[in-house]
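S.K.: Note that full-length UniProt numbering has the sequence shown beginning at 1, numbered continuously upward.
Think of the CB as a built atom: it goes at the ideal place given N, C-alpha and C, for glycine as much as any other residue.
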Amino acid sequence: MTALLGGLGFLGLTLLLGGVWTRRALTPGTPPLWVPGLGAALLLLGWGGQAALTLNVLGMTAPTDALAYLTDTGAGRSLLLGLMGAALLLAAELSGWPRALALPCAALILWGAAGLGHGAGHGPGVRLLHALHAGGMAVWLGGVLALLLSRPATAAQARRFTPAALGGVGVLAVTGLLMAAEHLSSLAEWTGTAYGRTLLLKLGLVALALLAAVAVRRRFARQLGVRAALAREAAVLLAVVGVTAALTTQAPPSHAGSAHAAHGER
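(1) Within this structure, are the beta carbons of T249 and A3 separated by less than 8 Å?
(2) Short check: CB of Q50 to CB of G9, under 8 Å?
(3) Mind checking M137: buried by the 16 CB within 10 Å criterion, or exposed?
(4) Reducing DSSP to helix, strand and coil, say where R217 ends up.
(5) List the endpoints of the continuous alpha helix (DSSP H) containing W111.
(6) Identify, in the order they occur along the chain, each residue of the same chain with its Cβ nearer than 7 Å to the Cβ of G19, setting aside the five sequence neighbours on each side.
(7) Considering G176, what are the terminal residues of the alpha helix (DSSP H) in which it resides?
(8) Which term fits V57, buried or exposed, when burial requires 16 or more other beta carbons within 10 angstroms of its beta carbon?
(9) State the start and end residues of the unbroken alpha helix (DSSP H) segment that holds S95.
(10) Pairing CB atoms from the segment 231-242 with CB atoms from the segment 199-215, are three or more of them under 8 Å?
(11) With R23 as the anchor, note down where its alpha helix (DSSP H) starts and where it stops.
(12) In the structure shown, what three-state DSSP assignment does T244 receive?
(13) Please identify the residue among T198, P28 and H183 whose C-alpha is closest to the C-alpha of H130.
(14) Return the first residue and the last residue of the alpha helix (DSSP H) that residue 340 is part of.
(15) Within 10 angstroms of the Cβ of S95, are there 16 or more other Cβ atoms? Answer buried if so, exposed if not.
(16) How far does the alpha helix (DSSP H) with T54 in it reach, from first residue to last?
(17) Under three-state DSSP, which class holds A251?
(18) How about L11 and V171: do their beta carbons lie closer than 8 Å?
(19) G192 by DSSP, collapsed to three states: which one?
(20) For the segment 157-174 against the segment 188-204, are there 3 or more C-beta pairs whose distance is under 8 Å?
(21) Run through DSSP, which three-state label would P31 get?
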């Protein structure tokens, strides 16, 4: 259940951020407004469900307990911050706020999201890496979905998307490597722990997504079977989102080791 709720949260984050970005910078008016609206709803469902599950496990079911969790804990405050950013970003898109006002709203969402996962157990530098990582994925998947929903998807749109896609992939690669170095301290942990093996699976799917992206570019050049190729790329990226959600349910070896040491000292 935790992985499912996490997946809904990640998908909602991608649809909201990616949808708003593509509507403003890539394919004006596409995707339709219901896409970022659905993203906001999934974000609320996923994050709210995770908070409710945590409170239920802790036996904190009274309204005052929920309020204390949201205001007195780091995870609770991150959740509130992210949801406030989501509400503001959706309002910005519905009301046509200028980009200078929409960008801080997106930053609030990403910073809140980074405080709910593994980034919360580290300092602000690692949390920033997690926020940038989520932003890179939102740009990549958001652009693919926008092209998939465009009628028709044109080579000119694909050319406009290419620099942003390369930037998103670059951000994903750099932040991913830095986060892996933070969470996995030895090569043996890549294959000897559940966290490491899940991360390897994610990397494999990202590689497949890159191959799918190359195939999409070739299809655009030939104007043949573009939509089917875009659908395959989107499907692989959605699988990456699913594996990322599963990854957040597993404690990195560095976290597990710290927790074990702390337990031994008491």
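M.R.: In this structure, then:
(1) Here residue 249 refers to the residue found at position 249 of the sequence shown. Here residue 3 refers to the residue found at position 3 of the sequence shown. Against a cut-off of 8 Å, the Cβ pair of A3 and T249 comes out as a contact.
(2) As a position in the sequence shown, residue 50 is number 50, starting the count at 1. As a position in the sequence shown, residue 9 is number 9, starting the count at 1. It is a contact, given that the beta carbons lie within the stated cut-off.
(3) Here residue 137 refers to the residue found at position 137 of the sequence shown. M137 should be labelled buried.
(4) Within the sequence shown, the letter at position 217 stands for residue 217. Here R217 sits in helix by DSSP.
(5) Working through the sequence shown from its first residue, we reach residue 111 at position 111. Residues R99 to A114.
(6) Within the sequence shown, numbered from 1, the residue matching residue 19 stands at position 19. Correct list, in chain order: P31, V35, P36, G39 and G142.
(7) Looking up residue 176 in the sequence shown gives position 176. G176 -> alpha helix (DSSP H) spans A155 to H183.
(8) In the sequence shown, the residue the question calls residue 57 occupies position 57. That one is exposed.
(9) Taking the sequence shown and counting its residues from 1, one reaches residue 95 at position 95. Element bounds for S95: G74 to S95.
(10) yes
(11) Position 23 of the sequence shown holds residue 23. Note, R23: alpha helix (DSSP H), T2 to A25.
(12) Along the sequence shown, one-based indexing puts residue 244 at 244. Looking at T244 - three-state DSSP - the assignment turns out to be helix.
(13) Looking up residue 130 in the sequence shown gives position 130. With distances taken between Cα atoms, H130 lies closest to H183.
(14) Examination of residue 340 is not possible in this model, given that the chain is present from 1 through 266 alone.
(15) Translated into positions along the sequence shown, residue 95 becomes position 95. It counts as exposed.
(16) Working through the sequence shown from its first residue, we reach residue 54 at position 54. Start and end: W34 to V57.
(17) Within the sequence shown, numbered from 1, the residue matching residue 251 stands at position 251. If DSSP states are grouped into helix, strand and coil, A251 belongs with coil.
(18) Numbered from 1 along the sequence shown, position 11 holds the residue referred to as residue 11. Numbered from 1 along the sequence shown, position 171 holds the residue referred to as residue 171. For L11 and V171, no; Cβs fall outside 8 Å.
(19) For this step, residue 192 is matched to residue 192 along the sequence shown. Note: G192 maps to helix in three-state DSSP.
(20) no
(21) Residue numbering aside, residue 31 sits at position 31 when the sequence shown is read from its first letter. Coil.
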